[in-house]
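Residue numbers (the numbering used here), protein chains in the order written: chain A, 520 to 686; chain B, 520 to 686.
A quick write-up on the structure given underneath.
2 protein chains.
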Amino acid sequence: MSSKTSPSAARKAGPEQVKQSLRVWLKMLKATKHVEAVVRENLRVEFDTTLPRFDVMAALYRFEEGLKMSELSSALRVSNGNVTGIIERLVSDGSVLRVPVAGDKRAMLVRLTQRGRDEFARMAAAHELWINEIFGSLPLDVTAGLLATLDTIEHAQGLHSEGEHDA
Amino acid sequence: MSSKTSPSAARKAGPEQVKQSLRVWLKMLKATKHVEAVVRENLRVEFDTTLPRFDVMAALYRFEEGLKMSELSSALRVSNGNVTGIIERLVSDGSVLRVPVAGDKRAMLVRLTQRGRDEFARMAAAHELWINEIFGSLPLDVTAGLLATLDTIEHAQGLHSEGEHDA
DNA sequence: GCATGAAATTTCAAGCTTGAATAATTTCCG
DNA sequence: CGGAAATTATTCAAGCTTGAAATTTCATGC
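This is the structure in structure tokens:
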């Protein structure tokens, strides 16, 4: 009889399959870290900022009306306390503004200042180019396949992808 | 010539291409972070340890004879000072041993203790399963394609991939 | 020998990250 | 109303990460 691979709960996987999974994951991790390192370095030397700051500003850029701290941290999938610190620095840089939420003394609305918006617009434009330098050489059918595969991974098991998309 | 003005480095990419590049990158980042989060969480709850520690131990596991601090940091592509701290904690945990290098009073050789080896062996076995639960359901031809694409990305521009491989 | 620069590592300040504990406020019900 | 529970945000300790500066030791040339 033939081997019946139960896809769902990874039953008794062949050692070949396990090895291949590991190989793919390590390569994916390596490639991702490479791209991240490029972005980090470029943000640092060209804009004197960091990736976490960039991520926060990207989220705020898309919500001109501002976001509550909790919305921000869940959008970025990082802890609450984490966002507090990053916002603190962005505020003292003059890129972000905090405004109390009318009707709820607990909550704070956070939004980019005009200066923050201009700043981010410049960074985002550069960021697009950096990314395109790396991924732009891939043929369209290849990137399409990659997207599809990555989707599969996200949903392979228990990934709750109820977040934000595109930009 | 239909198109004019080539900006600087990359040759005039269409806005479609740029958008697609960004889309792929964001998805890749998201998928990678998902897998990393799973591994981190599992390491934490099942082994009360962290990903950086796991990475260091993985490197040392493959070099029974030990590694110098500088070799370790370049293998993991992290800064020198970073490794110092992680090793410090692993030493006080009894998982790692430091031995002076004969003939060079500056250098230190770092290696797993027996306890560290046993510990890592258990973690590595579990780690394989976690990864396989995520990637194991992908058909072989898909993972093969993924590997190839990721290779292209790594070498798309200026990635010096002279490091360690497999596990 | 000995000064000078290279190499190996640690130290340091700053920032990122988490999960847990705390504090303030709001909401839900009885 | 009034108290329990949930929500929002900050604080905190511990650890990770970097790039730069400092330290110790080695290697070389003179």
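Just so it is clear, CB atoms sit at the ideal spot from N, CA and C, and this is done for glycine as well.
Quantities reported herein were computed from a predicted structural model and do not represent experimental measurements.
Taking C-beta pairs closer than 7 Å, name the residues in chain B that residue 547 of chain A reaches, listed in chain order. 551, 669
At a CB distance below 7 Å, what residues from the stretch 564-583 of chain B approach chain A? Give them in sequence order. Here the close residues number zero.
Can at least three beta-carbon pairs, one atom from the stretch 629-639 of chain A and one from the stretch 565-585 of chain A, be found at a separation below 8 Å? yes
Of all the CB atoms in chain A, is at least one closer than 8 Å to the CB of residue 529 of chain B? Any reading at residue 529 of chain B must be qualified, since the residue scores a pLDDT of 46, below 50, and its modelled position is unreliable; the value itself is stated next. Taking Cβ atoms only, chain A reaches closer than 8 Å to residue 529 of chain B, which makes this a yes.
Chain-ordered neighbours of residue 653 of chain A on chain B, where CB pairs are closer than 8 Å: 540, 544, 672, 675, 676, listed in chain order.
Which one or two residues does DSSP pair with residue 627 of chain A in a beta bridge? A:619
Suppose you measure from the CA of residue 589 of chain B to the CA of residue 607 of chain B; what does that come to, to the nearest Å? Distance from the CA atom of residue 589 of chain B to the CA atom of residue 607 of chain B, rounded to whole angstroms, is 15 Å.
If we count the other Cβ atoms within 10 Å of its Cβ and call it buried at 16 or more, is residue 572 of chain B buried or exposed? Using a 10 angstroms sphere on the CB of residue 572 of chain B, the tally of other CB atoms reaches 16 or more, which defines it as buried.
Looking at the unbroken alpha helix (DSSP H) that takes in residue 597 of chain A, where does it start and where does it end? Unbroken run through residue 597 of chain A: none, as it is neither H nor E.
Would a check of beta-carbon distances place residue 666 of chain B closer than 8 Å to chain A? At a cut-off of 8 Å, the C-beta of residue 666 of chain B has a neighbouring C-beta in chain A.
Can you give, in chain order, each stretch of the alpha helix (DSSP H) that sits fully within the stretch 556-592 of chain B and has at least 4 residues? 570-580
DSSP state of residue 675 of chain A mapped onto helix, strand, coil: coil
Among residues of its own chain, excluding the 5 on either side of residue 616 of chain A, which ones have a beta-carbon nearer than 6 Å to its beta-carbon? Cβ within range, chain order: 630, 632.
By Cβ distance, which residues of its chain are closer than 8 Å to residue 586 of chain A, with the 5 residues on each side in sequence left out? 578, 579, 594, 628, 629, 630
Exposure of residue 603 of chain B, with buried meaning 16 or more beta-carbon neighbours within 10 Å: Exposed is the label assigned to residue 603 of chain B, since fewer than 16 other Cβ atoms lie within 10 Å of its Cβ.
Under 8 Å (Cβ pairs) to chain B, residues found in the stretch 618-652 of chain A: 647, 648, 650, 651, 652
Could one say the Cβ of residue 554 of chain B lies closer than 8 Å to chain A's Cβ atoms, at least one of them? By this cut-off, residue 554 of chain B is an interface position.
Please classify residue 647 of chain B as buried or exposed, where buried requires at least 16 neighbouring CB atoms within 10 angstroms. buried
Beta-carbon gap between residue 665 of chain A and residue 551 of chain B smaller than 8 Å: In this structure, residue 551 of chain B does not lie closer than 8 Å to residue 665 of chain A by Cβ.
Go ahead and label residue 611 of chain B buried or exposed: buried means 16 or more other beta carbons lie within 10 angstroms of its beta carbon, across all protein chains shown. Residue 611 of chain B comes out exposed.
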